[in-house]
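Trainee: The structure follows.
Residue numbers (the numbering used here), protein chains in the order written: chain H, 36 to 521; chain V, 90 to 731; chain R, 7 to 109; chain L, 4 to 492.
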């Protein structure tokens with residue numbers, strides 16, 4: 036075999052290289068340069084992001100089709116990179132805090148490894164590769180969740196995470212084994228797709244599909260596979276929470292789409308459409324219902340992210356057109372959610388306050404943070420002229436494109452749910468702007484990294500709805516990769 | 090004729106309204122008064138010119154071989170609903186219009202002059218004149234209306250100006266409530282009128298009076314014999330339109346606002362609630378008379394309403410204490426008189442004598458009723474009370490008022506040679522020739538009229554002197570107030586000799602009027618008996634009245650309380666509409682509809698609390714959910730698919 | 007005598023259910039981890055069986071199984087590490103004591 | 004288009020009053036200029052459906068354009084909005100706290116309104132619609148009075164609920180609006196030309212869109228947000244909301260629901276006629292027993308806006324024209340009402356009519372203005388309300404079926420009830436003896452308040468005296484819709 040094939044997986048190589056550099060730097064640099072690590076990594080990663088965004092995708096399938104790097108995958112990776120970059124920025128302050136400072140190298144390395152795993156998930160066209168990617172994306176996260184040694188919550192979150200994660204991967208593999216039974220002996224996506232298309236609708240297949248949904252739905256935290264989410268988000272360090280809530284979700288969503296549309300597309304309408312139908316409705320609704328009551332901001336964001344995942348999954352119901360909208364939605368979701376998390380972590384790093392009640396009258400002391408938070412909330416709630424509005428409408432449009440009445444009803448339910456979500460997002464706005472009384476958070480100046488992160492997110496929220504650049508990018512990527520959409 | 094004068098007729102009062110209304114606050118009251126009076130003088134001149142030209146010039150555009158023409162001097166589009174339903178503002182000149190121009194401008198001028206003395210010391214003098222101007226404008230616009238919609242527009246405007254003038258003393262709650270009552274009752278009647286117009290134009294889409302009254306046949310045809318709840322739609326339309334008239338002219342059962350309207354300044358009562366606005370209903374019917382002729386039933390309705398009202402009002406007037414109220418009820422009954430005589434007018438009975446007669450009475454009544462009101466104003470001005478109990482034996486103190494008032498009473502009682510005699514005689518003869526029953530009925534009413542007028546007259550001017558004249562001595566009013574009295578008295582004396590039939594008839598063809606001796610004799614005797622009876626009772630202070638009162642206490646109180654109409658209305662509005670419907674709906678809104686909306690919210694909250702057990706915090710329950718979820722998903726699909 | 011595929015699948019199913027049951031019922035985290043291993047292994051077993059009986063010509067299932075075993079090992083390692091952390095801070099490995107965050 | 008730019012620049016302004024005043028004045032001037040120019044073009048014989056049309060591709064894959072254009076109706080609506088923004092700026096002269104943010108959100112709100120009226124692309128229309136909705140939450144929540152948090156939340160959520168249905172309806176129209184193989188479009192005109200939505204879908208979509216807009220039009224039973232919302236909102240916001248925002252509902256109803264779905268409109272109008280007919284009478288009756296000035300006015304708004312939808316649903320030219328006239332008249336009138344109530348409240352610090360009285364003696368100017376507004380509201384000739392209501396009644400009564408005519412009669416009865424509750428307030432608060440002695444030293448209107456009120460009164464009287472040019476402008480603009488309706492049968 037010729038090793039030139041590796042050249043085709045350039046994004047992975049870049050991340051891997053970055054990982055090595057950071058690792059070596061972290062290992063061999065003296066105490067003096069330690070503090071350089073954060074800006075060093077962040078800047079390098081920023082460059083990597085730009086690079087991945089710019090370099091054209093090879094578009095070829097290598098290792099006998101185990102791995103492809105088509106335009107869509109690359110676009111997705113680029114979007115994820117942006118997320119990670121913002122996470123790095125906003126966590127810069129936190130990594131300097133004395134309990135983390137010594138171990139911050141590990142933080143970056145683990146994040147990079149998981150990112151690498153996600154790349155594999157995205158590009159995998161063979162279940163073995165996919166599983167490897169999935170696991171390498173989820174196992175290091177357990178370590179990251181446990182990163183706050185001093186905090187008990189961190190440990191509890193970690194144990195909850197690891198146990199459920201292993202359970203779900205076990206279920207996933209069990210499901211895979213059933214699929215394998217029907218696959219005609221191959222684990223390549225393409226072969227399985229043919230086998231399924233020609234094969235019969237056996238109970239084995241159904242159970243296999245259900246387990247697959249469960250297995251990947253775990254990472255997307257779809258209801259009822261979501262229960263770990265809230266606890267883990269609450270316990271994990273805020274940087275990790277934001278990472279979990281956006282980046283790993285995005286990757287999983289993309290992989291989910293690839294697997295179900297490309298592999299099981301043949302049995303969409305008669306088998307898993309209805310499974311997803313139920314799951315999506317449950318996800319959106321239950322997520323909203325839980326979010327209504329939350330007082331702890333991180334937990335609140337956890338449930339909101341659950342219902343957002345439901346909206347993301349709408350894209351799965353709409354074919355390739357849905358994929359484009361879904362990628363755009365993920366991008367917007369990344370900027371909005373990270374914007375919110377940037378504010379939360381800024382306040383937490385400064386004052387350690389996490390309860391929504393602490394945000395009362397925030398605008399009196401920190402007008403800019405309040406402004407950013409408000410925009411983020413509006414965008415998450417899908418209110419024009421912010422990006423969230425456009426992403427929501429685009430995904431709804433794509434879902435209704437098939438014109439089946441059932442999907443119209445699905446959209447209607449989703450729309451009605453937006454009312455509930457608007458309610459609890461407005462609760463935050465209310466706390467910030469309307470609640471009487473003096474501010475509980477004193478005025479402070481947030482660190483450079485956080486400020487840059489917030490600015491990036493606000494810019495994304497404001498501009499990338501009004502300017503359709505990103506959407507066109509995703510659309511073209513998907514179009515060149517998988518052909519005509521509408 | 091040129092359009093200058095007609096336009097001026099509308100323009101002058103409106104400009105006055107704007108000038109006095111906006112600039113009035115700044116200008117001293119003298120200036121405002123002078124401006125108002127001068128403007129009205131010019132208005133008077135113009136109106137007379139127009140009227141006299143119409144009647145006497147003999148110009149072919151006014152009269153063609155003896156038949157008086159209807160002439161649209163101008164007619165400009167104001168608002169186009171559809172191609173055929175176009176609202177225009179115009180000036181229709183015909184006999185009744187010309188007559189009304191004379192009446193309105195005369196009385197208005199008198200009142201302006203009178204008010205200068207009467208209202209001199211009231212605050213808001215300028216505002217008062219502005220409102221008077223507004224009223225004059227609207228009333229003129231009403232009478233010159235070329236189409237029913239223009240009439241409706243100005244109908245509303247007179248309503249609002251009457252509202253403003255009744256509520257002139259806006260600090261008094263009584264005045265405010267009276268004005269509200271007046272506006273709302275008439276508004277309710279106007280709703281009827283609007284509906285009538287809607288129905289009429291739905292079948293025969295035009296507003297123009299001339300089109301309507303000259304093509305009555307087509308109107309009837311256009312309805313195609315459609316009926317609604319038993320009556321033909323045309324009858325409905327006409328009766329509904331007449332409802333508007335009932336409201337303005339205070340026919341039963343919509344009369345209740347007029348007595349309270351006496352809360353307004355007395356000159357206003359003279360102008361609006363005696364002479365001009367309240368006869369708008371009569372004018373409306375007269376205006377559309379040819380159409381009413383088509384529907385016998387509608388005329389019947391008018392007759393009945395008029396007759397009942399006339400009697401009711403006369404009876405009530407006998408038992409009032411407040412002299413303005415007495416006059417108000419007498420106004421109601423007199424207008425009812427006109428209504429009846431319109432109702433009994435038929436072309437085949439003396440060429441529609443009733444029509445001419447009612448217009449004649451409208452004219453004379455305007456004069457002597459204005460006279461009476463202004464006289465009453467003078468009295469009130471002198472003794473600062475509305476009740477005859479505060480008066481008595483005033484003839485020595487205020488001679489001018491006394492004599493003019495007497496003339497007014499004689500006129501309204503229908504004593505020869507005063508104007509009332511002639512007009513009333515025409516009306517009665519019309520009624521007799523239509524049906525003796527109505528004839529006798531209305532004669533009786535005429536007798537009652539004579540009685541209550543002279544009851545008031547004697548109680549005010551004879552009876553016995555009120556003790557507190559000692560401390561402050563009543564005296565005649567200043568010249569601004571006396572002059573109008575004298576003028577009007579003079580008119581009331583001579584107006585009867587006008588050959589009215591030459592001017593105003595239902596179809597424009599003039600004819601001579603002749604006294605029907607038998608009718609005249611009857612009514613005259615009845616009147617004289619009534620007056621004598623009144624004199625016997627009230628000439629000198631005695632206890633006969635109180636004895637009578639004790640004889641029939643129930644009747645007296647009932648009549649005194651106007652047979653409890655107000656109470657009934659209060660019950661309906663307060664209890665049923667406000668307490669029942671409105672409160673009910675408001676309650677429904679808050680506790681049913683709004684509650685449902687809130688229920689959605691609280692339901693969601695409730696759910697979110699209910700399902701919180703799912704998030705128990707223990708990994709194993711999580712996994713149970715997880716696993717069962719996957720299995721259930723699979724199971725359901727399996728059951729559904731295979 | 008040669009056994010049909012069913013005879014091999016039965017133990018794997020038993021392992022699977024036993025694993026799930028154990029994971030749900032046992033209170034000790036280590037025990038839970040062991041039951042997890044059972045589930046994983048049953049999945050691996052499936053792969054092998056299907057590969058052996060259905061697609062004798064190919065090796066995909068076998069190879070997948072090898073990787074899966076490695077992954078399972080890694081998972082166990084991480085899990086053990088975290089459980090040790092918990093043990094440090096709680097003094098026991100009872101899953102019920104890790105219920106701080108809820109609702 | 005110019006207006007759009009104008010208010011965009013406006014919305015970025017920092018809120019030194021001067022800037023704000025300048026902005027709104029420029030806005031007013033521009034819209035007046037626009038109206039004049041528009042009439043000029045029409046007079047010059049430019050008979051195209053929309054003028055000043057422009058279209059820029061936005062989201063190419065979905066064929067979403069930023070398409071703008073105006074016809075007679077939208078021009079008038081723009082004029083109305085700019086007048087009210089102008090008056091509202093003066094009415095909220097002394098807003099605090101955070102005047103900057105207030106005016107910022109206020110401008111965002113007006114941006115939404117203007118954008119809505121000028122856009123002829125369903126997507127942008129919907130976007131501006133929501134842009135106009137959301138600032139309400141903060142405006143009421145932060146600067147409001149009373150149970151502001153509850154009311155703001157309720158208002159926002161109910162309106163969002165409405166727009167949820169609306170969104171679905173629009174999506175349906177988008178996907179079914181073009182014949183097979185055609186490129187899907189959001190452009191209203193193109194869709195109406197295609198006229199390819201099959202009836203079975205039209206019925207569903209009509210219900211969705213009409214309910215969606217109806218919620219904003221305060222249609223029974225979706226009106227309950229309006230009393231609380233108006234009662235708690237600050238003056239300028241009540242003005243803009245009742246004056247303009249509620250009109251978006253009516254505007255959308257005919258511009259989208261009826262124009263694009265004529266068959267369904269013909270079939271299903273009766274359902275909504277019943278609902279709106281109810282809300283006309285219902286609102287009037289429940290206004291009779293309220294004791295809070297703003298509640299009274301809010302319920303009367305329910306009644307009047309019900310009248311608007313009622314007229315539009317009659318689907319004949321005259322009635323629809325009347326509906327638009329009613330929009331204009333009610334917009335100005337209710338804005339005037341809220342401005343006055345705000346001024347009175349600012350002085351007396353109560354809105355309870357039982358605690359007020361004899362304002363005429365204390366602040367004659369405001370008293371007179373209030374009476375004028377009242378007369379406009381109860382339809383006095385010479386003011387705009389009369390024109391609008393009469394056009395509606397006569398137009399609606401043209402309807403060929405007795406059923407509808409009966410409803411018209413029910414509707415007409417509202418003019419009496421209106422008189423009742425208006426006079427109730429006027430008699431209690433404005434006239435009569437002074438209720439509360441330390442109201443005596445209160446001052447009359449200041450110059451900016453006079454400016455705000457006069458500008459509105461002049462417009463009211465203007466429409467009342469010379470209605471016909473408006474009438475013509477609107478009538479001609481309805482032609483396409485009428486044609487669409489006739490083309491069905």
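In this text, a Cβ means the ideal position worked out from N, Cα and C, and glycines have one as well.
Is residue 440 of chain L helix, strand or coil by DSSP?
Mentor: Position 437 of the fourth chain, counting from 1, holds the residue named residue 440 of chain L. Here residue 440 of chain L sits in helix by DSSP.
Trainee: In the DSSP output, what is residue 331 of chain H paired with across the bridge?
Mentor: The sequence position of residue 331 of chain H within the first chain is 296, counting from 1. BP columns for residue 331 of chain H point to H/390.
Trainee: Here's the rule: buried if 16 or more other CB atoms are within 10 angstroms of the residue's CB, otherwise exposed. What is residue 102 of chain R?
Mentor: For the purposes of this step, residue 102 of chain R is identified with residue 96 of the third chain, where counting begins at 1. Label assigned to residue 102 of chain R: exposed.
Trainee: Taking the C-alpha atoms as reference points, what is the distance between residue 97 of chain V and residue 138 of chain V?
Mentor: If you number the second chain from 1, residue 97 of chain V lands on position 8. If you number the second chain from 1, residue 138 of chain V lands on position 49. Cα-Cα distance, rounded: 12 Å.
Trainee: Using a Cβ cut-off of 8 Å (strictly closer), state whether residue 291 of chain L contacts chain V.
Mentor: Indexing the fourth chain from 1 puts residue 291 of chain L at position 288. Output row for residue 291 of chain L: interface = yes.
Trainee: Applying a beta-carbon distance threshold of less than 9 Å, which residues of chain H neighbour residue 9 of chain R?
Mentor: Along the third chain, one-based indexing puts residue 9 of chain R at 3. Listed by position along chain H, the residues whose Cβ is nearer than 9 Å to that of residue 9 of chain R form an empty set, because the closest Cβ is around 17 Å away.
Trainee: Do residue 252 of chain V and residue 268 of chain V come within 8 Å of each other at the CB atom, strictly closer than that value?
Mentor: Within the second chain, numbered from 1, the residue matching residue 268 of chain V stands at position 179. Within the second chain, numbered from 1, the residue matching residue 252 of chain V stands at position 163. Yes, these two residues count as a Cβ contact at 8 Å.
Trainee: Going along chain R, which residues have a C-beta under 7 Å from residue 716 of chain V?
Mentor: Counted from its first residue, the second chain places residue 716 of chain V at position 627. Within chain R, the residues near residue 716 of chain V are 26.
Trainee: Name the residue from L/179, L/206, L/209 and L/214 whose alpha carbon lies nearest to the alpha carbon of residue 199 of chain L.
Mentor: Within the fourth chain, the letter at position 196 stands for residue 199 of chain L. Closest by alpha carbon: L/179.
Trainee: What residues in its chain sit with their C-beta under 8 Å from that of residue 314 of chain V, if we drop five residues either side in the sequence?
Mentor: The residue labelled residue 314 of chain V in the question sits at position 225 within the second chain. Around residue 314 of chain V, the same chain offers 321 as residues with beta carbons nearer than 8 Å, after the five sequence neighbours per side are excluded.
Trainee: Between which two residues does the beta strand (DSSP E) holding residue 68 of chain L run?
Mentor: If you number the fourth chain from 1, residue 68 of chain L lands on position 65. Here the beta strand (DSSP E) through residue 68 of chain L covers 67–73.
Trainee: Can you look up residue 447 of chain L in the DSSP assignment and give me helix, strand or coil?
Mentor: For the purposes of this step, residue 447 of chain L is taken as the residue at position 444 of the fourth chain. Correct three-state label for residue 447 of chain L: coil.
Trainee: Determine the contact status of residue 479 of chain V and residue 472 of chain V, defining contact as a CB-CB distance below 8 Å.
Mentor: Along the second chain, read from residue 1 onward, the residue named residue 479 of chain V stands at position 390. Along the second chain, read from residue 1 onward, the residue named residue 472 of chain V stands at position 383. Their beta carbons are under 8 Å apart, which means residue 479 of chain V touches residue 472 of chain V by this criterion.
Trainee: Below 8 Å between beta carbons: does that hold for residue 572 of chain V and residue 519 of chain V?
Mentor: Position 483 of the second chain, counted from the first residue, corresponds to residue 572 of chain V. Position 430 of the second chain, counted from the first residue, corresponds to residue 519 of chain V. Against a cut-off of 8 Å, the Cβ pair of residue 519 of chain V and residue 572 of chain V comes out as no contact.
Trainee: Please state whether DSSP places residue 292 of chain L in a helix, a strand or coil.
Mentor: Here residue 292 of chain L refers to the residue found at position 289 when the fourth chain is read from its first residue. Reduced to three states, the DSSP call for residue 292 of chain L is coil.
Trainee: Given that a residue counts as buried once 16 or more other Cβ atoms are within 10 Å of its Cβ, and exposed if not, what is residue 8 of chain L?
Mentor: Residue numbering aside, residue 8 of chain L sits at position 5 when the fourth chain is read from its first letter. With a pLDDT of 44 at residue 8 of chain L, under the threshold of 50, the modelled position of this residue cannot be trusted; read the value that follows with caution. Looking at its Cβ environment, which holds fewer than 16 other Cβ atoms inside 10 Å, residue 8 of chain L is exposed.
Trainee: Would the beta-carbon of residue 549 of chain V fall within 8 Å of that of residue 468 of chain V?
Mentor: For the purposes of this step, residue 549 of chain V is identified with residue 460 of the second chain, where counting begins at 1. For the purposes of this step, residue 468 of chain V is identified with residue 379 of the second chain, where counting begins at 1. Yes; because the gap between Cβ atoms is below 8 Å, this pair is in contact.
Trainee: Mind checking if residue 730 of chain V is an interface residue toward chain H, Cβ cutoff 8 Å exclusive?
Mentor: Residue numbering aside, residue 730 of chain V sits at position 641 when the second chain is read from its first letter. Yes, residue 730 of chain V lies at the interface with chain H (some Cβ there is under 8 Å from its Cβ).
Trainee: Specify the secondary structure class of residue 11 of chain L as computed by DSSP and reduced to three states.
Mentor: Within the fourth chain, residue 11 of chain L is the residue found at index 8, counting from 1. Since pLDDT at residue 11 of chain L reaches only 45, below the 50 mark, its modelled position is unreliable, and the value read off the structure follows with that caveat. Helix, per DSSP.
Trainee: Could you pull the start and end residues of the alpha helix (DSSP H) that residue 177 of chain L belongs to?
Mentor: As a first step, residue 177 of chain L is located in the fourth chain; it is residue number 174 there, counting from the start. Residue 177 of chain L -> alpha helix (DSSP H) spans 151–179.
Trainee: Could you check which residue in L/74, L/285 and L/56 has the C-alpha nearest to that of residue 39 of chain L?
Mentor: For the purposes of this step, residue 39 of chain L is taken as residue 36 along the fourth chain, with counting starting at 1. Minimum Cα distance to residue 39 of chain L is reached at L/74.
Trainee: Please name the residue or residues paired with residue 161 of chain H in a DSSP beta bridge.
Mentor: Your numbering for residue 161 of chain H matches position 126 in the first chain. BP columns for residue 161 of chain H point to H/223.
Trainee: I want to see whether chain V comes within less than 8 Å of residue 14 of chain L, judged by CB atoms only; does it?
Mentor: Residue numbering aside, residue 14 of chain L sits at position 11 when the fourth chain is read from its first letter. Confidence at residue 14 of chain L is low in this model, with a pLDDT of 46, below 50, so its placement is unreliable and no value can be given for it.
Trainee: Just mark residue 664 of chain V as buried or exposed, buried being the case when its beta carbon has 16 or more other beta carbons within 10 Å.
Mentor: Indexing the second chain from 1 puts residue 664 of chain V at position 575. Per the 10 Å Cβ criterion, exposed.
Trainee: Inspect the CB distances between the stretch 252–271 of chain L and the stretch 331–349 of chain L and report whether three or more fall short of 8 Å.
Mentor: no
Trainee: So what does DSSP say about residue 612 of chain V, is it helix, strand or coil?
Mentor: On the second chain, residue 612 of chain V is found 523 positions in, with the first residue counted as 1. Note: residue 612 of chain V maps to helix in three-state DSSP.
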